[in-house]
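At position 5 of the sequence shown the residue is numbered 30 (my numbering), and the sequence of numbers has no breaks.
Idealized CB from N, CA, C, for every residue including glycine.
Heads up, the thing below is written out as structure tokens.
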Amino acid sequence: MKWLLPTLMVLSACSSETAILVEIDSTLGVPAEVDQLDIVAVGANSGGMLVSSSVIDAPFPHSFSIRPKNDDSEEVTITVTARKRGDVSMTVGALVTERTVVTRFVPGEVLSIRVVLDSACVGVSCGAGETCVGGMCVAVVPDAGTDAAVDSGVDASIDSSVDSAVDSGIVTPTDSGPGEAFSCASSGLTCSAGAELCCHQRADGTGSCLAVGETCVGQPVECADASDCGGGTGVCCARYSTSTGNLQDVRCAASASGCSGPSSQTYEFLCDPAAASPCPTGQACTGTASYTALSWRTCE
């Protein structure tokens, strides 16, 4: 692990063992794609806790620590911004991507969390109260989209898994589905509907079946159809990259509007023809999809 700065800790009157240790990870290249990281941490009650901007020249991950000011159980919002300077003389580089997470201190403990700057979020701009996950804007909610682990020792270690894809607006698959098996992306594996999710490795097309709740180091394939999403209360939607030829993700959403993502011609938003309302209002699930492994169509 590399440290962004020797010490990025807020001096505190609270317990010296209360802290949040954050590891920033990404597949983005350093310094070709990113050479500057901005970090802002704001306490729910105490306000600004940390503002830092650092030039980086070593690959990810990079790490930093935060300690509370006065409240060792305070909620804190952490925003990590990746930038690229066009010239080394630039003080502030151009925005590449940004991620916001909300967590809180655990009294007397060191909480380790992992924040991933997703390459799929490059160029994606989200509104207030939202952050980009997997190329889509989702609501920022406490402890969503991070891997958190509590370590009571001084040498707190970072969880090495990539952050899970459970975020606000996503309906967690349940075991109330029909129990039929579904294909695990292009890997040829078969997972039990509702009881398992497929973790698709985008880089090589492999996949593995994980129990619901396990962390997927890759892209989650959570559903075969709408019946796997909240017992039929949600919709199953997929995103396919026509530029790379890779399945981006297949996940449950509360409604068809939750399937939306960045407006880009490089992505196809697939729809399940068997779903009751697989497309946003005004669109129908009748288009021809480039990705045929799911036997789905596209909204048009």
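query                                                                                                                      : result
Cβ neighbours of Arg-110 in the same chain (closer than 7 Å, five flanking residues each side left out)                    : Asp-60, Gln-61, Gly-118
CB contact below 9 Å: Trp-321 versus chain D                                                                               : The structure shown contains no chain D; it holds only a single protein chain.
Three or more C-beta pairs below 8 Å linking the stretch 43 to 52 and the stretch 122 to 134                               : yes
Residue from Asp-96, Asp-112, Val-55, Ser-144 whose Cα sits closest to the Cα of Glu-123                                   : Ser-144
Residues sharing a beta bridge with Glu-48, DSSP                                                                           : Ser-88, Arg-139
Meets three-Cβ-pair contact criterion under 8 Å: the stretch 63 to 70 and the stretch 84 to 97                             : yes
Through-space distance from Asp-97 to Met-74, alpha-carbon basis                                                           : 13 Å
CB-CB length for Thr-128 against Val-101, believed under 8 Å                                                               : 6 Å
Buried/exposed call for Val-76, threshold 16 Cβ in 10 Å                                                                    : exposed
As assigned by DSSP and simplified to three states, the class of Ala-145                                                   : helix
Rounded C-alpha distance that separates Gly-54 from Cys-151                                                                : 23 Å
Assigned exposure category for Ala-301 - 16 Cβ within 10 Å defines buried                                                  : exposed
Cβ neighbour criterion (16 or more within 10 Å) applied to Ser-51                                                          : buried
Helix, strand or coil at Gln-308 according to DSSP, with G and I counted as helix                                          : coil
Cut-off 8 Å between Cβ atoms - residues of its own chain near Glu-99, not counting five sequence neighbours on either side : Gly-68, Ala-69, Asn-70, Ser-71, Pro-93, Arg-129, Phe-130
Reference Ala-83, options Ala-57, Ile-64, Pro-167, Val-260, closest by Cα                                                  : Ala-57
Proximity of Val-147 and Met-161 at Cβ, strictly below 9 Å                                                                 : no
Residue range of the unbroken beta strand (DSSP E) whose run includes Met-161                                              : 161 to 164
Assumed close pair Cys-262, Cys-310 - CB separation to whole angstroms, cut-off 8 Å                                        : Not really, about 11 Å apart at Cβ, beyond 8 Å.
Closest Cα partner of Thr-116 within the set Ser-320, Val-80, Phe-85, Ala-153                                              : Val-80
Asp-63, DSSP secondary structure in three states                                                                           : strand
Of the residues Val-121, Ser-114, His-87, the one placed nearest Arg-139, counting alpha carbons only                      : His-87
Pro-298 burial status per 10 Å Cβ neighbour count (16 or more: buried)                                                     : exposed
Local Cβ density within 10 Å of Gly-259, reported as buried at 16 or more and exposed below that                           : buried
Ile-81 - DSSP class collapsed to helix/strand/coil                                                                         : coil
Continuous beta strand (DSSP E) stretch holding Lys-109: start and end                                                     : 100 to 109
CA nearest to the CA of Glu-155, picked from Val-141, Ser-114, Thr-104                                                     : Thr-104
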